[in-house]
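Student:
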Amino acid sequence: MKIYFAAGCFWGTQAYFKKVEGVLATRAVYANGTTSETEYRNLYKTDHAETVEVVYDEKKVSLEDLLMHFFRIVDPTSINKQGNDRGRQYRSAIFYEDENDREKILNYIISIKNKYDKPIVTEVYKISNLVEAEDYHQDYLEKNPGGYCHINLSDFKTTEELKIQENIEKLDKLSYDVTQKGATERPFENQYNNNFKEGIYVDKVSRKVLFSSKDKFESGCGWPAFSKPIEENILEYKDDYKLSRKRTEVKGKKSNSHLGHVFSDGKKELGGLRYCINSASLDFIPLDKMKEEGYGEYLKYFDKGENDE
């Protein structure tokens, strides 16, 4: 799959997208000008934009993921200016080959527009009049370490890190206070304490699967209780002395979110542990929605395969 990003000087844009997992190749190009030929010194005449062609494996990184990266490095409200670079060749734009991508791009822009105080002016057009940039522009920052770059490449974050950051920004106040500040929700009056439907519980921030309904039990404590995590390596544990006594805090390994605590007063027949977890740190995915939500591989925990109805 291919997509084309114009985000100011293409030296930094190319260097940035080469870091993104799932990107197979990049190329500095001139795009969507008024002529089929151009060169660097004539861009002001032909109206081409400095652009980076991104070839990617959609099984490893989605178009939406790439858009998330793009809008992290561009000011989409700035007209014909990015960083210190001014002129039409430095305009913010997304160019596509596949018509199906157009709707995805426009929907993504709609979903983020409220983050900005001014209107998004990023152009969205089908790719046209594509011209490969001169050799000296290709991988410029690899050839010239320390060369000009309007993007802070040292602040690069992986797709997973950006998704976690984005999910944190979407949290309601209670979930934010619980997961990010270590607060505790009210007992009994929470979303999943009395939920015993079949399904899985995922980390609200990282979206990683944490617990299965098969390991949930009624403990009487007022919070969801589980005898064990769905897998051993998905949680982290930390000594907690906030209540003047030692407790073991449970955190999501990927998200670093506060989830709750684990105690040794659980049911003996279930192993003796009680994972006491805040509902506000979790999302529940019902069994019949697991495949649709991208968790089909976990159907095996319920003696079902991904192709089972």
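Position 202, counted from 1, in the sequence shown is what numbering that gives the first Met the number 0 calls 201; the numbers after and before it change by one each time, with no gaps.
Using N, Cα and C, we set each Cβ at its ideal position, and we do this for glycine too.
Does the beta-carbon distance from I150 to T12 come in below 8 Å?
Tutor: Cβ distance < 8 Å, so I150 and T12 count as in contact.
Student: Could you please give the first and the last residue of the uninterrupted beta strand (DSSP E) stretch that includes S263?
Tutor: Careful: S263 lies outside any beta strand (DSSP E) and carries neither H nor E.
Student: From K213, K215, L173, pick the residue whose C-alpha is nearest to that of S280; which is it?
Tutor: S280 has its Cα closest to that of L173, out of K213, K215, L173.
Student: In chain order, what residues of the same chain have a beta carbon less than 8 Å from the beta carbon of H68, not counting five sequence neighbours either side?
Tutor: So the list reads Y15, F16, V19, T158, L161, once near-sequence residues are dropped.
Student: Considering only residues of the region 109 to 143, which uninterrupted beta strand (DSSP E) runs meet the minimum length of 3 residues and lie entirely inside it, listed in chain order?
Tutor: As far as the region 109 to 143 is concerned, its whole beta strand (DSSP E) runs of at least 3 residues are 122 to 125.
Student: Note down the Cα distance separating N339 from C148, rounded to an integer number of angstroms.
Tutor: Here the chain covers residues 0 to 308 and nothing more, so residue 339 does not appear.
Student: Leaving out the 5 sequence neighbours to the left and right, which residues in its chain are closer than 6 Å to N136 when beta-carbon positions are compared?
Tutor: Note on identity: in this sequence residue 136 is His, with Asn being the wrong assignment. So the list reads A27, once near-sequence residues are dropped.
Student: Could you tell me the boundaries of the alpha helix (DSSP H) in which E49 lies?
Tutor: Where E49 is concerned, there is no enclosing alpha helix (DSSP H), although the beta strand (DSSP E) it sits in stretches over 48 to 55.
Student: Short of 8 Å in beta carbon distance, which residues of its chain neighbour L272, apart from the five on each side in sequence? Order them along the chain.
Tutor: Same-chain partners within the cutoff: S226, K227, V261, F262, S263, G265.
Student: For D84, which of helix, strand or coil comes out of DSSP?
Tutor: D84: strand per DSSP, three-state reduction.
Student: Going by the CB atoms, is the gap between K253 and K203 shorter than 8 Å?
Tutor: Contact: no.
Student: From L65 to E292, what distance separates their C-alpha atoms?
Tutor: Spanning the two alpha carbons is a distance of roughly 20 Å.
Student: Could you tell me which residues DSSP puts in a beta bridge with K237?
Tutor: According to DSSP, K237 bridges with E248.
Student: With a cut-off of 8 Å on the beta carbons, I'd call V22 and V60 a contact; round off their distance for me.
Tutor: Indeed, because the Cβ distance is near 7 Å, the residues count as touching under 8 Å.
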